[in-house]
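Working notes, structure below.
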Amino acid sequence: MSEIKKQDDNVIMEKIRKDILTPLTTFPLGFKIWVGSLLTIIAVSIWAYTIQFQDGLGVTGMRDYVSWGLYIASFVFFVATALVGMLISAVVGLLGQKWIIPISRISEMIALAFVMMAGVVIVVDMGRPDRLLNLFIHGRFQSPIVWDVTVVNAYVFISILLLLLPMLPDLGIIRNHMKKDLPKWQWNMYNILSLGWAGTPGQYKILHRTIRVLLILIVPVALAIHTVTSWLSALTLRAGWDSTIFGPYYVTGAFVAGSGALIVAMYFIRRAYKLEDYITDFHFDKMGKLMVLVSLVYLYFNLNEFLVPAYKMKTADAHHIHTLFSLHGEYGVMFWLTQTFGLLLPIFLGFFKRFRKPFPMMLIGASLVVGAWFKRVIIVVPTLIHAHLPIQNVPENFTEYNATGIEITVTLGVIAVAVLIITILAKLFPVIPMWEIAEEKGVDIEKDL
Amino acid sequence: MDHNITSGAQSRRSFLKKFGITVGAAGAVTSLGLLNACTTDDGEMVTVLTTDGRRVEIPKSQLKVDTEEIAVRGREGIPGKKFVMVIDLSKCRNARKCMTACQGAHHLKPEQHHINVLRMQNDGRTGFFYQPKPCMHCDNPPCTKVCPVDATFKRQDGIVLIDNERCIGCRFCIAACPYSARVFNWSEPKYVEGDENRVYDVELNVPQKKGTISKCLFSADQLRVGKLPYCVSACENGVYWFGDANEDAVTNGTSKETVRLSSLLEDHAAYTLLPELGTQPSVYYLPPKNRLFKYKYDDEADDWMKQYDKEAGA
């Protein structure tokens with residue numbers, strides 16, 4: 001009996017290893033073209049940034065009134081999307097949902113890449129990046145920016161742990177089985193990162209306990225990172241930002257952006273690595289339902305955020321509401337397009353089973369991500385256009401905001417770096433936790449490592 | 001607080017007077033004490049006052065400015081003072097001498113306003129008026145609260161200053177200021193001749209620095225030597241009163257007349273801007289009633305940027 005079981009286990013593990021580890025050894029043309037185009041975008045954006053570094057932020061469309069633009073909007077977007085790591089592994093995972101196992105690592109990779117880029121884009125936005133260290137030399141604990149730096153770094157740290165620790169058994173498998181299939185440096189990397197994993201019952205016990213602690217820890221940290229990000233706006237006295245629900249409004253919006261990004265990543269990774277046996281239609285269906293749920297919650301916060309001031313129409317709020325609601329307002333068209341394609345339409349389509357299939361879900365996910373980015377522009381910019389006092393005695397371009405080519409190029413470059421990090425992580429490491437899949441299938445994993 | 005002032009008004013005022021003189025004298029000596037002699041070298045001779053009150057002649061090359069001391073006193077402010085400004089809207093005719101003087105003193109570009117005269121109308125039926133808008137030097141400043149590096153700070157004399165050598169250019173203070181009082185050096189600032197070698201003065205924000213914030217300083221450098229702010233002295237129409245709330249006295253920049261601050265505010269029903277935000281400004285406005293000048297609507301003449309270009313062209 002046990003002999004048969006052992007043989008079965010070996011067959012299952014053999015298939016899992018073959019399916020999930022093959023992408024580690026191959027570098028097909030499509031992958032090279034993809035990485036090459038990302039690197040091209042990044043190279044151009046580095047060139048654009050050097051111009052900005054030399055000439056100052058004057059090369060952007062930002063001026064004294066609209067003094068935050070695409071960069072801060074992208075910062076909020078990156079932090080938002082990074083919350084997907086916490087949503088999938090911690091919130092849904094801790095509720096005992098097993099279907100997230102094959103997609104949890106992808107969500108951690110997205111989280112790590114995006115939160116790192118959040119840190120980068122905030123430096124890009126600084127007028128004096130050369131004085132970055134002042135934050136540590138002269139940091140004032142009363143400033144929300146110092147809180148933000150603290151929690152973003154904490155989230156990066158926990159995200160790295162949450163990516164690496166659950167990967168230890170997989171790294172052990174690679175070390176034990178792939179020595180002859182891999183270049184020496186690559187095998188050495190896995191060997192070092194596996195931290196001497198031997199797969200003993202004792203090690204598994206510690207691993208399970210540690211992951212659980214991390215999953216619980218990441219919930220308050222993730223809430224903190226995005227709540228503090230919302231406070232960068234909400235703690236000011238400006239109509240459109242001066243809101244008590246900005247924290248939950250941001251956090252719920254983050255889940256929408258994050259689930260969209262995860263769906264897109266799931267689709268393309270599954271296609272590129274032929275993982276149809278692991279990321280199945282069932283997972284897209286589940287993600288579709290989760291997406292509808294978080295979008296409905298976000299819709300509820302949107303109703304509160306916009307309709308409450310729109311009912312009262314206080315002077316400054318009224319200006320803001322008019323800018324967004326009226327199609328003649330400066331941001332009216334963008335507002336309604338964003339709300340339609342970034343929220344309402346995905347909710348509506350998500351109700352139908354036929355749209356919760358991989359391809360339509362990918363399109364909906366992409367729509368959510370693009371919508372989420374524009375929504376951040378809508379949150380950041382229009383409020384700044386309407387100061388409390390009239391804008392006078394300044395050039396015409398001070399009264400509006402038109403992002404410049406350099407600004408757009410740098411922003412695209414930062415996004416490209418985030419995508420490149422995900423691409424590299426998903427190339428170098430198994431995107432699906434092999435040991436958890438095996439455990440789910442009843443394989444006695446403690447034996448076969 | 002009120003009770004205290006009434007009961008001991010006389011003695012308190014005379015104390016403040018003496019205190020003011022002592023502090024003023026100490027300030028003058030300190031400012032000269034900044035000039036430390038160091039090396040020996042031949043060249044042009046200058047006369048300086050030593051800390052014990054003697055006049056001595058030394059070579060100019062021996063003068064060395066103690067930049068550390070300038071930075072420290074710039075952060076501390078002038079002890080015992082609480083500077084306030086009162087702006088009489090009934091007198092403003094949009095001459096903009098204040099704006100020109102200010103931009104000249106602080107080496108600002110035409111679009112950078114430490115003080116900006118705004119054309120205001122509260123409601124469609126109410127009259128137009130001109131409203132000069134400097135920094136309000138709030139007692140509950142939203143801008144200093146959010147600064148991550150203490151580059152903008154509130155001094156003991158009530159002035160909110162900026163340290164352009166520390167500012168990291170995050171522009172959070174611009175977002176936080178409801179009065180739009182802050183400007184940013186988006187590109188290379190305007191350099192005036194001599195700025196390259198000039199020691200940065202935190203009380204003047206000169207030379208301006210790229211990638212950092214700039215804003216109204218109540219001309220802290222002028223106050224240091226007992227003068228009125230640049231805008232106040234430049235006004236031809238008697239719009240500005242400036243002084244010390246602790247002394248309860250403000251001086252008109254045009255007529256040089258000094259009056260009691262409390263009576264001026266009380267008699268004219270003075271108000272502050274956006275009081276509902278709780279910022280507690282140090283700048284008061286006297287309502288634009290019985291205006292000396294009729295409002296003249298002239299888009300061409302009111303266009304500051306156009307006027308500036310015209311003058312620059314001529």
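Quick note, the sequences are listed as chains X and F, same order.
According to my numbering, the first sequence is numbered sequentially starting from 1.
According to my numbering, the second sequence is numbered sequentially starting from 1.
For each residue, glycine too, the CB sits at the ideal point set by N, CA and C.
Beta-carbon gap between residue i and residue j smaller than 9 Å
i: residue 184(F); j: residue 174(F); result: yes
i: residue 407(X); j: residue 52(X); result: yes
i: residue 275(X); j: residue 102(X); result: yes
i: residue 196(X); j: residue 291(X); result: no
i: residue 159(F); j: residue 77(F); result: yes
i: residue 73(X); j: residue 379(X); result: yes
i: residue 251(X); j: residue 226(X); result: yes
i: residue 212(F); j: residue 127(X); result: yes
i: residue 136(F); j: residue 128(F); result: no
i: residue 242(F); j: residue 85(F); result: yes
i: residue 151(X); j: residue 91(X); result: no
i: residue 245(F); j: residue 82(F); result: yes
i: residue 191(F); j: residue 268(F); result: no
i: residue 181(F); j: residue 215(F); result: yes
i: residue 277(X); j: residue 25(X); result: no
i: residue 168(X); j: residue 112(X); result: no
i: residue 157(F); j: residue 223(F); result: yes
i: residue 48(X); j: residue 376(X); result: no
Sequence-distant residues of the same chain with beta carbon closer than 6 Å to residue i, five excluded per side
i: residue 371(X); result: 338, 341, 342
i: residue 179(X); result: 187
i: residue 26(F); result: Low local confidence applies: a pLDDT of 43 at residue 26(F) is under 50, so the model's placement there is unreliable, with the coordinate-based value given in what follows. Same-chain partners within the cutoff: there are none.
i: residue 317(X); result: 239, 309
i: residue 121(X); result: 71, 74, 75, 414
i: residue 262(F); result: 248
i: residue 249(X); result: 301, 305
i: residue 441(X); result: 12
i: residue 3(F); result: For residue 3(F), the predicted structure reports a pLDDT of 45, less than 50, and the residue's modelled location is therefore unreliable. A value from the coordinates is still provided. Closer than 6 Å at the Cβ level, and outside the excluded window around residue 3(F), lies no residue.
Contacts of residue i in chain X (Cβ-Cβ under 7 Å)
i: residue 212(F); result: 127, 128
i: residue 85(F); result: The premise fails here: residue 85(F) is roughly 17 Å from chain X at the closest Cβ pair, so nothing lies under 7 Å.
i: residue 274(F); result: 388
Amino acids of chain F, ordered along the chain, whose beta-carbon sits closer than 8 Å to that of residue i
i: residue 132(X); result: 168
i: residue 395(X); result: 111, 305
i: residue 373(X); result: Going along chain F, no residue has its Cβ under 8 Å from residue 373(X), so there is no contact; the nearest lies around 20 Å.
Partners in chain F for residue i, counting only beta-carbon separations shorter than 9 Å
i: residue 65(X); result: 174, 180
Within chain F, the residues that residue i reaches when beta carbons sit closer than 7 Å
i: residue 78(X); result: Chain F residues near residue 78(X): none, gap ~17 Å exceeds 7 Å.
i: residue 185(X); result: Within chain F, no residue comes near residue 185(X); the closest Cβ sits about 39 Å away, beyond 7 Å.
i: residue 68(X); result: 171, 175
Per-residue contacts from residue i into chain X (C-beta, under 8 Å)
i: residue 133(F); result: 389
i: residue 231(F); result: Correct list: empty, because the minimum Cβ distance to chain X is about 14 Å.
i: residue 325(F); result: This structure does not reach residue 325(F), given that chain F is present from 1 up to 314, and the question cannot be answered.
Neighbourhood of residue i by C-beta, 7 Å cutoff - its chain only, sequence neighbours within 5 removed
i: residue 255(F); result: 238
i: residue 24(F); result: With a pLDDT of 43 at residue 24(F), under the threshold of 50, the modelled position of this residue cannot be trusted; read the value that follows with caution. Excluding residues within five positions, the ones whose Cβ falls inside 7 Å are 226.
i: residue 221(F); result: 201, 203, 204
i: residue 95(F); result: 236, 237
i: residue 109(F); result: 190
Cutoff 8 Å; reference residue i; Cβ partners in own chain excluding five residues on either side
i: residue 431(X); result: 20, 23, 105, 106, 109, 269, 273, 275
i: residue 399(X); result: 65, 385, 391
i: residue 331(X); result: 323, 324, 378, 381, 382
Partners in chain X for residue i, counting only beta-carbon separations shorter than 9 Å
i: residue 188(F); result: 55, 56, 58
> Okay, do the stretch 31-39 of chain X and the stretch 360-376 of chain X touch, 3+ Cβ pairs below 8 Å being the bar?
Replying inline: no
> For the 8 Å Cβ check, are there 3 or more pairs between the stretch 280-289 of chain F and the stretch 80-96 of chain F?
Replying inline: Counting Cβ pairs under 8 Å, three or more are found: they touch.
>> Counting only Cβ-Cβ distances shorter than 8 Å, please list the residues of the stretch 157-168 of chain F near chain X, keeping chain order.
In response: Of all residues in the stretch 157-168 of chain F, 166, 167, 168 have a Cβ within less than 8 Å of some Cβ in chain X.
> Using Cβ-Cβ distances below 7 Å, what residues of the stretch 25-58 of chain X are close to chain F?
Replying inline: 55, 56, 57, 58
>> Give me the subset of the stretch 134-157 of chain X whose CB atoms are less than 7 Å from a CB atom of chain F, sorted by chain position.
In response: Taking 7 Å as the Cβ-Cβ cut-off against chain F, the residues of the stretch 134-157 of chain X that qualify are 134, 135, 138, 139, 140, 142, 143, 144, 145, 146.
> On the three-pair Cβ rule with 8 Å, is the stretch 392-406 of chain X touching the stretch 111-124 of chain F?
Replying inline: yes
> Which residues, in chain order, does the stretch 225-253 of chain X contribute to contact with chain F at a C-beta distance below 9 Å?
Replying inline: 232, 233, 235, 236, 237, 238, 241
> Which residues, in chain order, does the stretch 116-129 of chain F contribute to contact with chain X at a C-beta distance below 8 Å?
Replying inline: 116, 117, 118, 119, 120
> When the Cβ atoms of the stretch 407-422 of chain X are set against those of the stretch 57-71 of chain X, are three or more pairs found closer than 8 Å?
Replying inline: yes
> For the stretch 141-161 of chain F against the stretch 293-313 of chain F, are there 3 or more C-beta pairs whose distance is under 8 Å?
Replying inline: no
> Is the number of C-beta pairs between the stretch 291-300 of chain F and the stretch 381-390 of chain X that are closer than 8 Å three or more?
Replying inline: no
> Which residues, taken in chain order from the stretch 396-416 of chain X, show a beta carbon closer than 9 Å to some beta carbon of chain F?
Replying inline: Those residues of the stretch 396-416 of chain X that come within reach of chain F (Cβ to Cβ, closer than 9 Å) are 396, 398.
>> Which residues of the stretch 136-150 of chain F have a Cβ closer than 8 Å to any Cβ of chain X? Give them in chain order.
In response: 142, 145, 146, 147, 148, 149, 150
>> For the stretch 253-265 of chain X against the stretch 359-366 of chain X, do three or more pairs of beta-carbon atoms, one drawn from each stretch, fall closer than 8 Å, so that the two count as touching?
In response: yes
>> Can you pull out the residues from the stretch 219-249 of chain F whose beta carbon lies closer than 9 Å to at least one beta carbon of chain X?
In response: Of all residues in the stretch 219-249 of chain F, none places a beta-carbon less than 9 Å from a beta-carbon of chain X.
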